[in-house]
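*Asks:* Each residue of the sequence shown is one higher than the last, beginning at 0 in my numbering.
Just so it is clear, CB atoms sit at the ideal spot from N, CA and C, and this is done for glycine as well.
If you scroll down you'll find the structure; I have some questions about it.
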Amino acid sequence: MSVPQTVNEYPSTEHCIGGVTAFDDAPGWIYTLDNPYLHGVYAPTVNEIEADNLEVEGELPPDLVGAYFRNGPNPVFAPNNRYHPFDGDGMVHGVYFRDAKVSYRNRYVQTAAKVQELADGRSVSPGVMGPFDYSVSPFGIKDTSNTDVLWHAGDLMTLWYNAGHPCRLDSHNLSTKGYFDLPGRQQRRMSAHAKVDWQTGELLFFDYGDEPPF
0 MSVPQTVNEY
10 PSTEHCIGGV
20 TAFDDAPGWI
30 YTLDNPYLHG
40 VYAPTVNEIE
50 ADNLEVEGEL
60 PPDLVGAYFR
70 NGPNPVFAPN
80 NRYHPFDGDG
90 MVHGVYFRDA
100 KVSYRNRYVQ
110 TAAKVQELAD
120 GRSVSPGVMG
130 PFDYSVSPFG
140 IKDTSNTDVL
150 WHAGDLMTLW
160 YNAGHPCRLD
170 SHNLSTKGYF
180 DLPGRQQRRM
190 SAHAKVDWQT
200 GELLFFDYGD
210 EPPF
């Protein structure tokens with residue numbers, strides 16, 4: 000892929016991260032935008048892969064069984080306005096350890112906004128830099144579920160910075176199972192950095208609303 004190399008074409012990106020690098024798995028539209036959060040180590044990947052029995056340098060304890068999960072922004076389509084990392088579609092990466100072997104997989108979080116945009120083939124919802132559109136969400140911007148990931152009640156849960164609607168994911172294949180709702184309660188949104196009490200299993204969080212009931 001041909002990428003302009005002059006500083007004048009990417010002044011902000013050059014200043015922040017030292018320039019633009021081409022990646023085979025990045026969407027081509029990122030090279031039309033001078034935004035450091037779309038290049039270098041921040042460049043999105045749109046590929047979902049599975050890799051088993053990965054090469055290990057050194058040795059893993061044979062009794063190590065578990066997984067490491069990471070959530071972050073990977074926008075599928077070019078933004079309608081200025082891009083911010085909170086706008087990128089959530090993607091969860093999982094590294095799994097068992098029998099002294101390692102496997103990896105990654106999957107997009109299938110939020111309602113992402114499903115709609117895949118159907119339309121373009122960005123629909125505005126980002127946190129605005130302008131806001133309250134016809135697409137209560138906050139007027141896209142809930143990407145891209146900020147945090149935690150384990151609760153037998154599932155992974157992905158969260159978004161602006162008190163978004165948490166999604167439930169299968170921890171084994173990272174497929175999206177749907178939105179998480181508190182039993183017996185009306186639909187609630189949740190702050191990005193909820194905490195689990197490992198002694199009681201309780202989920203502790205805060206949220207807020209613009210209209211009653213708050």
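Taking its Cβ as the centre, do 16 or more other Cβ atoms sit within 10 Å of alanine 50, making it buried, or is it exposed?
*Replies:* The residue is exposed, with fewer than 16 neighbouring Cβ atoms inside 10 Å.
*Asks:* Quick one: what does DSSP say threonine 12 is sitting in, helix, strand or coil?
*Replies:* If DSSP states are grouped into helix, strand and coil, threonine 12 belongs with the helices.
*Asks:* Ordered along the chain, which non-local residues of its own chain (more than five positions away) have a Cβ less than 7 Å from that of threonine 5?
*Replies:* Note that threonine 5 has pLDDT 44, beneath the 50 cutoff, so the model's placement of it is unreliable and the number below is only indicative. Excluding sequence neighbours, threonine 5 sits near nothing in its chain.
*Asks:* If we count the other Cβ atoms within 10 Å of its Cβ and call it buried at 16 or more, is histidine 171 buried or exposed?
*Replies:* The residue in question, histidine 171, is exposed, as its Cβ has fewer than 16 Cβ neighbours within 10 Å.
*Asks:* Does DSSP classify valine 6 as helix, strand or coil?
*Replies:* In this predicted model, valine 6 has a pLDDT of only 41, less than 50, meaning its place in the structure is not dependable; the value taken from the coordinates is given anyway. Helix, per DSSP.
*Asks:* For valine 45, collect the residues of the same chain with a Cβ closer than 8 Å to its Cβ; drop the 5 residues on either side in sequence, then sort them by chain order.
*Replies:* Closer than 8 Å at Cβ, skipping near neighbours: Asp24, Ala25, Pro26, Asn73 and Val75.
*Asks:* DSSP state of tryptophan 150, grouped into three classes?
*Replies:* Here tryptophan 150 sits in strand by DSSP.
*Asks:* What separation, rounded to the nearest whole angstrom, lies between the Cα atoms of glycine 153 and tyrosine 207?
*Replies:* Between glycine 153 and tyrosine 207, the C-alpha separation is close to 26 Å.
*Asks:* Select from Phe138, Asn161, Tyr160 and Met156 the residue whose C-alpha is nearest the C-alpha of leucine 168.
*Replies:* If we check each option's Cα against that of leucine 168, Met156 comes out closest.
*Asks:* Measuring CB atoms only, is the stretch 98-105 touching the stretch 51-64, in the sense that at least three cross pairs come out at less than 8 Å?
*Replies:* Verdict: yes, contact present.
*Asks:* Does any heavy atom of the ligand ADP sit closer than 7 Å to the C-beta of glutamine 115?
*Replies:* Absence of the ligand ADP is noted for the structure shown, with no ligands found whatsoever.
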